[in-house]
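Student:
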Amino acid sequence: MAAPPVFAATNTGLPDFTALVTANSPAVVNISTSESESTSDSTTDKPRRPEFSIPNAPDNEQLNEFFRRFFGDQMPEGPGGIEPRASLGSGFIISKDGYVISNYHVIKDADEVVVRLSDRRELPAKIIGTDPRSDIAVLKVESKGDLPVLRLGSSDELKVGEWVLAIGSPFGFDHSVTAGIVSAKGRSLPNENYVPFIQTDVAINPGNSGGPLFNLEGEVVGVNSQIFSRTGGFMGLSFAIPIDVVMNVYAQLRDKGAVSRGWLGVLIQDVTGELAESFHMTTPRGALVSKVLPDSPAEKAGVEAGDIITKFDGHSIETSSDLPPLVGSTQVRQKIPTELIRESKSQKIIITIGELPQEDVAQADSRPEPTDKAKFDTRLKIRVRDLTAAERKATDLASSGIAVEAVKPGPAEAAGLLVGDIILQINFKETKSATDLFAITKELQPGAKVPLLVHRQGSPLFMALELPK
Numbered sequence: 055m056a057a058p059p060v061f062a063a064t065n066t067g068l069p070d071f072t073a074l075v076t077a078n079s080p081a082v083v084n085i086s087t088s089e090s091e092s093t094s095d096s097t098t099d100k101p102r103r104p105e106f107s108i109p110n111a112p113d114n115e116q117l118n119e120f121f122r123r124f125f126g127d128q129m130p131e132g133p134g135g136i137e138p139r140a141s142l143g144s145g146f147i148i149s150k151d152g153y154v155i156s157n158y159h160v161i162k163d164a165d166e167v168v169v170r171l172s173d174r175r176e177l178p179a180k181i182i183g184t185d186p187r188s189d190i191a192v193l194k195v196e197s198k199g200d201l202p203v204l205r206l207g208s209s210d211e212l213k214v215g216e217w218v219l220a221i222g223s224p225f226g227f228d229h230s231v232t233a234g235i236v237s238a239k240g241r242s243l244p245n246e247n248y249v250p251f252i253q254t255d256v257a258i259n260p261g262n263s264g265g266p267l268f269n270l271e272g273e274v275v276g277v278n279s280q281i282f283s284r285t286g287g288f289m290g291l292s293f294a295i296p297i298d299v300v301m302n303v304y305a306q307l308r309d310k311g312a313v314s315r316g317w318l319g320v321l322i323q324d325v326t327g328e329l330a331e332s333f334h335m336t337t338p339r340g341a342l343v344s345k346v347l348p349d350s351p352a353e354k355a356g357v358e359a360g361d362i363i364t365k366f367d368g369h370s371i372e373t374s375s376d377l378p379p380l381v382g383s384t385q386v387r388q389k390i391p392t393e394l395i396r397e398s399k400s401q402k403i404i405i406t407i408g409e410l411p412q413e414d415v416a417q418a419d420s421r422p423e424p425t426d427k428a429k430f431d432t433r434l435k436i437r438v439r440d441l442t443a444a445e446r447k448a449t450d451l452a453s454s455g456i457a458v459e460a461v462k463p464g465p466a467e468a469a470g471l472l473v474g475d476i477i478l479q480i481n482f483k484e485t486k487s488a489t490d491l492f493a494i495t496k497e498l499q500p501g502a503k504v505p506l507l508v509h510r511q512g513s514p515l516f517m518a519l520e521l522p523k
């Protein structure tokens, strides 16, 4: 086996990427998909979408996609009927027998997937498996002879400040090369709980999705996935899925067509500075458990709402976003040592990891109805009432919980309490009725900072409540 190429720096001190690009471009592919969708009726007065054509540029459909990405809804739709829609993306070959890795969103809902190689050959691809939670798709193409493949690195060993390079097909322009540095690691993005993203400043645009991110050794360290942008174009914030995560997903999809993830069965939130004070912590850290799901691994291990998980399997938990990727990558039925803080005291427990359900547990969103039976708490400046039996059933709250009907300027408003919230606990004590609330607040010392647990729009939420002095 030939030794991997060594990529040298130029006499300016900046890296020279030419050898890296030459060695790896053959294994980077362009991916196009098509699906049939019914568009508007051809008899409407909606004007036809203009078509663009430039000599020696990518084919017209790719160029039209380019303008659609930039102008969005400002471009009029075409005539009605059945219109195939191309989705341009990238990918790379992971094995000589034709396995290809890309993003799930690139091939989502596709009727047909075509992989175009660097030598311009186009091969139909079979979808082996997809994982929406990590945005990874595994494809398979058939070819005579071995295909070129990429070498894999370790995203764990990647360091902030390292040079990285991307090869892909932005707007259909095949094998475009961009470079930058690693800006951060372990980034958490909204609705992406199970991926600790690599953040870079590599210029990524539509069509780069699914393509490889290389280190200077020419090893793949990530799969380019998305950008943060207020305009739809690149703004210096790009995110890649770490290759260590990718390969775990790839192996499972290749072998069994589905991905199994570890599961605790808790809802968590960050510990803010105010919450840290109310929990008598010197610094805000850990994942605050706002709810433990019934019959979950966490409940069986004795985890309670109000616990703050600070260490999982030897890994420190600084923020709530640190926990889901660690749990998700843990094998089902493995026993994991976990450290937590409960009522200012450290505890160690063992949790037997369960399997993450395919569908997230849905919770009812029910706002309490106003009633004449509400009572006003003069210390918190809120009007509350007991829940009805129907409301308890709708919100799945068996015993605790009182409804907030009005919030006046005062401590509760300052803490963030809203009309429609259901108060579950104050200072770790359940509020089963309005009478309980008055008794608990009466015991609190002036100026005390205590945790307040509420049920808001189907989800539990802790906030810090400070009593007036």
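Each residue of the sequence shown is one higher than the one before, counting from 55 in this note's numbering. Using N, Cα and C, we set each Cβ at its ideal position, and we do this for glycine too.
1. For H369, which beta-bridge partners are listed by DSSP?
2. So L491 packs on I480, CB below 8 Å; how close in whole Å?
3. Just grab the DSSP bridge partners of N481 for me.
4. Look up A451 in the DSSP assignment and say whether it is helix, strand or coil.
5. Could you give the DSSP three-state label for I161: helix, strand or coil?
6. Going by DSSP, what residue range makes up the alpha helix (DSSP H) through R308?
7. What do you get for D173, buried or exposed, if any count of 16 or more other CB atoms within 10 angstroms of its CB means buried?
8. Using only CA atoms, which one of I405, L394 and T373 lies nearest to R387?
9. Could you check what DSSP says for P424 in three-state terms: helix, strand or coil?
10. In chain order, what residues of the same chain have a beta carbon less than 6 Å from the beta carbon of S370, not counting five sequence neighbours either side?
11. By Cβ distance below 7 Å, which residues in the same chain neighbour L434 in space, the five residues on each side in sequence not counted?
12. When DSSP labels each residue in this structure, what does G382 get in the three-state scheme?
13. Going by C-alpha to C-alpha distance, which of K402, A341 and M335 sits closest to D35?
14. Taking the straight line between their C-alpha atoms, what separation do you get for G455 and Q499?
15. What would DSSP say about V169, mapped onto helix, strand or coil?
16. Tell me whether T485 is buried or exposed, calling it buried when 16 or more other Cβ atoms sit within 10 Å of its Cβ.
17. Going by DSSP, what residue range makes up the beta strand (DSSP E) through G222?
18. Thinking just about the alpha-carbon of each residue, which of V236, G234 and L219 is nearest to the one in G265?
19. CA-CA distance, G145 and T184?
20. Can the beta-carbon of V277 be found less than 8 Å from the beta-carbon of I258?
21. Taking the runs of the alpha helix (DSSP H) that are 4 residues or longer, which of them lie wholly in the region 223–248?
22. Can you give me the start and stop residues for the beta strand (DSSP E) that L270 sits inside?
23. Applying the 10 Å Cβ sphere with the 16-neighbour rule, what's the burial state of I108?
24. Could you give the C-beta distance for S237 and D255, rounded to a whole number, given that I count them as a contact under 8 Å?
25. Is D376 helix, strand or coil by DSSP?
26. DSSP on S156, reduced to helix/strand/coil?
27. Is it buried or exposed, K345, if we count other Cβ atoms within 10 angstroms and call 16 or more buried?
28. By Cβ distance, which residues of its chain are closer than 7 Å to K180, with the 5 residues on each side in sequence left out?
29. Following the continuous alpha helix (DSSP H) through K503, name the residue where it begins and the one where it ends.
30. I want to know whether the region 360–368 touches the region 289–309 - three or more CB-CB distances under 8 Å.
31. List the DSSP bridge partners of L329.
32. If we ignore side chains and look at the alpha-carbon of each, how far apart do G327 and M335 end up?
33. Taking the alpha-carbon of I155 as reference, which of P351, D165, L204 and R187 has the nearest alpha-carbon?
34. Alpha carbon to alpha carbon, how far is N78 from D298? Give it in angstroms, no decimals.
35. Can the beta-carbon of I190 be found less than 8 Å from the beta-carbon of V303?
36. Would you kindly report the start and end of the unbroken beta strand (DSSP E) that includes N78?
Tutor: The relevant details are as follows:
1. Under the DSSP definition of a beta bridge, H369 partners with F366.
2. By a beta-carbon distance limit of 8 Å, L491 contacts I480. Their separation comes to about 7 Å.
3. Partner(s): none; N481 has no beta bridge.
4. It is worth fixing the name first, because residue 451 is Leu in this sequence and not Ala. Looking at L451 - three-state DSSP - the assignment turns out to be coil, as it is neither helix nor strand.
5. Correct three-state label for I161: helix.
6. Element bounds for R308: I297 to K310.
7. Exposed is the call here.
8. Comparing Cα positions, the closest option is I405.
9. Annotation note: pLDDT 45 at P424 (below 50); position unreliable, coordinate value reported separately. DSSP places P424 in coil when its eight states are reduced to three.
10. No residues qualify anywhere along the chain.
11. Its chain contains G464, P465, A466 and T495 as the residues whose beta carbon lies nearer than 7 Å to that of L434, once the 5 sequence neighbours on both sides are disregarded; these appear in chain order.
12. The answer is helix: DSSP assigns G382 an H, G or I state.
13. Nothing about residue 35 can be read from this structure; the chain reaches only from 55 to 523.
14. CA-CA distance, G455 to Q499, rounds to 23 Å.
15. In the structure shown, V169 sits in a strand (DSSP, three-state: E or B).
16. Counting every other CB atom within 10 Å of its CB across the protein chains shown gives T485 a total of 16 or more, marking it as buried.
17. Taken as a continuous stretch (DSSP letters only), the beta strand (DSSP E) holding G222 covers W217 to G222.
18. Of V236, G234 and L219, the residue nearest in Cα terms is L219.
19. If you take the alpha carbons of G145 and T184, they lie about 14 Å apart.
20. Taking 8 Å as the cut-off, the beta carbon of V277 is found no closer than this to the beta carbon of I258.
21. Taking only runs of at least 4 residues, no alpha helix (DSSP H) segment lies wholly in the region 223–248.
22. Looking at the DSSP string, L270 is not in any beta strand (DSSP E), and its letter there is neither H nor E.
23. Residue placement at I108 is flagged as unreliable, the pLDDT there being 39, under the threshold of 50; a coordinate-derived value is accordingly withheld.
24. Taking 8 Å as the upper bound for CB-CB distance, S237 and D255 are in contact here, some 6 Å apart.
25. DSSP places D376 in helix when its eight states are reduced to three.
26. In the structure shown, S156 sits in a strand (DSSP, three-state: E or B).
27. Counting Cβ neighbours within 10 Å, K345 comes out buried, since at least 16 surround it.
28. Setting aside the 5 residues that flank it on each side, K180 is surrounded in the same chain by L193 and K194, each with a C-beta closer than 7 Å to its C-beta; the list follows chain order.
29. Boundaries around K503 are those of the beta strand (DSSP E), K503 to R510, since no alpha helix (DSSP H) includes it.
30. Counting Cβ pairs under 8 Å, fewer than three are found: no touch.
31. Paired residues: none, contrary to the question.
32. Going by the C-alpha atoms only, they are around 9 Å apart.
33. Nearest C-alpha to I155: L204.
34. So the two alpha carbons sit approximately 19 Å from each other.
35. Using a Cβ distance threshold of 8 Å, I190 and V303 count as a contacting pair.
36. If you look at N78, you'll find it isn't in any beta strand (DSSP E); it sits in the alpha helix (DSSP H) that goes T72 to N78.
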